[in-house]
DNA sequence: ACCTGAACACCGTTCAAGT
DNA sequence: ACCTGAACACCGTTCAAGT
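Residue numbers (this note's numbering), protein chains in the order written: chain A, 39 to 221; chain B, 39 to 221.
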């Protein structure tokens, strides 16, 4: 039951985050939404930041859509889906790519695992000859940089929404892939 | 004199930001550092967020190093310098690429101007035949996405600092330029 | 082990009052 | 026009006390 209470608190925090942004996530509001007192969260989390890190960690572990295609297509489509999810859930995305003032072991582990999954895909796409050779980890960093940077440009209103310069984060991901696969 | 007091408040906020992160920027601390009461800032700014937006706007208007080379080289070196500055001033960088809950006209104008400067450079580099053709604004978005995304990867500890996968934000900018200019 | 209510030291913001 | 000090309604966190 303790585990379910913990999950309830994480879910309540995530809901508040979606609805009102970071400012709406107060321990009092989280407690109220979970039906407990405002400091009950301290029995499950060291601090408010630890609770938010748990929210972020849960997002990182969200199951990714499995596609029955080759690694290169899975990588490309996966990054597009990642960007589309991020634009649809800006607060959760921001949390997963934000900096933390405390050490959050579980979050760091989830983050490392997510990154390793991308590296594996990149490596396979290179082995299939669909991406240029070179260190897979470094190429993964380039892909994630562009994807996350493009999402942030969109979220901060710095992508033209109309006219010839119009581009969505997915368009920019496409541009990078086209440039990378042109040999 | 009013203008100087305003500048003093902005500088005090920037200093506190550098030293202790966003949490250290309280109106009480800003007032103290500027030698005024904790609510004197309200005579110059609508809110704490407006003060932070002024800090961010000042960073966006910081003069860029001028290099006596062609537009393509200026663009490439300019993005590298941007990334290097961001890694050295993570809090100021984060502020300039963050989302705001209020409308900040002056900040939005500074941001649009900074972006237009990049577009001008990209356009000139394309005209010089050093970058592939295509909409300059969209290509600018791709370049900024990668640069800012790479900086954020570095700031959140997601770039290998050692081994074969090691890459700095500047390395990733280089990778993108190499890929773009390979015809 | 988990939870509560009261309390503490903050915080952003407002307001009446001063110059 | 600019500033002050007091006050308000919050906030995260701590603590003594309960089960």
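The beta-carbon is built from N, C-alpha and C at its ideal position, and this holds for glycine as well.
Item to check | residue 87(A) versus residue 137(A) - alpha carbon distance | outcome: Distance between residue 87(A) and residue 137(A), taken at the CA atoms: about 11 Å.
Checklist entry - In its own chain, which residues sit with a C-beta less than 7 Å from the C-beta of residue 128(A), not counting the 5 before and 5 after it? => result Only 193 meet the Cβ criterion.
Checklist entry - Distance, Cα to Cα, residue 167(A) vs residue 62(A)? => result Each residue's Cα considered, the two are about 48 Å apart.
Checklist entry - Under the three-state reduction of DSSP, which class applies to residue 103(B): helix, strand or coil? => result In this structure, residue 103(B) counts as coil in the three-state DSSP scheme.
Next on the checklist: Could you compute how far the alpha carbon of residue 142(B) sits from the alpha carbon of residue 91(B)?
Outcome noted: Between residue 142(B) and residue 91(B), the C-alpha separation is close to 7 Å.
Next on the checklist: Here's the rule: buried if 16 or more other CB atoms are within 10 angstroms of the residue's CB, otherwise exposed. What is residue 151(A)?
Outcome noted: Around the Cβ of residue 151(A), a 10 Å sphere holds fewer than 16 other Cβ atoms; the residue is exposed.
Checklist entry - In this structure, does DSSP put residue 155(A) in helix, strand or coil? => result Looking at residue 155(A) - three-state DSSP - the assignment turns out to be helix.
Next on the checklist: Against chain B, which members of the stretch 75 to 98 of chain A pass a CB distance test of less than 9 Å?
Outcome noted: Of all residues in the stretch 75 to 98 of chain A, none has a Cβ within less than 9 Å of some Cβ in chain B.
Checklist entry - With 8 Å set as the bound, which would you pick, yes or no: does the beta-carbon of residue 101(B) sit closer than that to a beta-carbon of chain A? => result Residue-level contact by beta carbon fails for residue 101(B) and chain A, as no gap is shorter than 8 Å.
Item to check | Neighbour flag for residue 135(B) against chain A, beta carbons, 8 Å | outcome: Yes, residue 135(B) lies at the interface with chain A (some Cβ there is under 8 Å from its Cβ).
Checklist entry - By DSSP, does residue 205(A) sit in helix, in strand, or in coil? => result Secondary structure at residue 205(A): coil, using DSSP grouped into helix, strand and coil.
Checklist entry - For the alpha helix (DSSP H) that residue 183(A) lies in, which residues bound it at each end? => result Unbroken alpha helix (DSSP H) run through residue 183(A): 174 to 193.
Next on the checklist: So, for residue 146(B): in the same chain, excluding its five sequence neighbours on each side, which residues have a beta-carbon less than 8 Å away from its beta-carbon?
Outcome noted: Once the five neighbours on either side are set aside, residue 146(B) has no close Cβ partner at all.
Next on the checklist: The alpha helix (DSSP H) that contains residue 123(B), what's its start and end?
Outcome noted: That run of the alpha helix (DSSP H) goes 109 to 126.
Item to check | Beta-carbon neighbours of residue 119(B), restricted to chain A and to distances below 7 Å | outcome: Neighbours of residue 119(B) on chain A: none; closest Cβ ~17 Å, over 7 Å.
Item to check | Where the alpha helix (DSSP H) through residue 74(B) begins and ends | outcome: Looking at the DSSP string, residue 74(B) is not in any alpha helix (DSSP H), and its letter there is neither H nor E.
Checklist entry - In the stretch 179 to 193 of chain A, which residues sit with their C-beta less than 8 Å from some C-beta in chain B, listed in chain order? => result Taking 8 Å as the upper bound on Cβ-Cβ separation, chain B lies near residues 179, 180, 182, 183, 184, 185, 186, 187, 188, 190, 191 and 193 of the stretch 179 to 193 of chain A.
Next on the checklist: Nearer than 7 Å: is that true of the beta carbon of residue 219(B) relative to any heavy atom of the ligand GDP?
Outcome noted: With respect to small molecules bound, the structure shown includes none, and the ligand GDP cannot be examined in it.
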